[in-house]
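Novice: Right, I'll just put the structure down here and ask away after.
In this note's numbering, the protein residues as written are 471 to 707.
Structure follows, in structure tokens:
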């Protein structure tokens, strides 16, 4: 089979030596949605390894196969990037989540601030976000699904972000976005639709964050998040 085999994340318990067994939603997707059959091959990602598997049993309740070979997944970026993502109106946060997962973020921290329009992340929406993150990571053939942290407020945000922390702010005019040389981990904060207040920026500075500009143009929150993540991960490749 070609290199375009479908990718799936599986729990370590699904792999027993050279045998793999999938049940539930993954079995239904393989059998009913993708309509794969015995003899087809898929790539399963488990514990950071890519396992090439030839299917020998395909049913809606159970799919099984044999591991042909395994190798370390090499799609993860060199820098572990956490994105502090504001809750946005409608499905805009989901658009950002899909894009930044494909780009390679390691962790996503949803937050609210003084000027946030959206303020709640329901249990149903959180489950949807987790599904989007998983599917987007599979699409990008990554080695792991990014962690989705609990929702926090701006006042608590800097307690859960690993340093160094960079805050992209439209009010900054001099310092531009740069990746600290040699950084193995980094946290990025982008503001909500209404922007970040002077008081919130002051708090961020007090907590050790570096405030940067993304350029002279006024960017929507979703554009700023995707662009900044792309720059950081491309710079650290």
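In this text, a Cβ means the ideal position worked out from N, Cα and C, and glycines have one as well.
Nothing here was measured: the structure is a model prediction, and the numbers come from that model.
Would you call the stretch 682-701 in contact with the stretch 639-647, where contact means no fewer than 3 C-beta pairs closer than 8 Å?
Specialist: yes
Novice: Give me whichever residues DSSP pairs with residue 675 in a beta bridge.
Specialist: DSSP output for residue 675 lists no bridge partner at all.
Novice: Given that a residue counts as buried once 16 or more other Cβ atoms are within 10 Å of its Cβ, and exposed if not, what is residue 563?
Specialist: buried
Novice: Residue 603 to residue 615, Cα distance in whole Å?
Specialist: 7 Å
Novice: So who's on the other strand from residue 486, going by DSSP bridges?
Specialist: 489
Novice: Terminal residues of the continuous beta strand (DSSP E) containing residue 522?
Specialist: Here the beta strand (DSSP E) through residue 522 covers 519-528.
Novice: Under a Cβ-count criterion, where at least 16 other Cβ atoms within 10 Å of its own Cβ denotes burial, should residue 666 be classed as buried or exposed?
Specialist: buried
Novice: Under 8 Å between the Cβ atoms of residue 634 and residue 585?
Specialist: With a cutoff of 8 Å on beta-carbon distance, residue 634 and residue 585 are scored as not near each other.
Novice: Mark residue 612 as exposed unless 16 or more other C-beta atoms lie within 10 angstroms of its C-beta, in which case mark it buried.
Specialist: With 16 or more other Cβ atoms from the protein chains shown falling within 10 Å of its own Cβ, residue 612 counts as buried.
Novice: DSSP three-state label for residue 535, please.
Specialist: strand
Novice: To the nearest angstrom, report how far apart residue 520 and residue 479 are at their CA atoms.
Specialist: 9 Å
Novice: If you measure between the beta carbons of residue 531 and residue 497, is that distance less than 8 Å?
Specialist: yes
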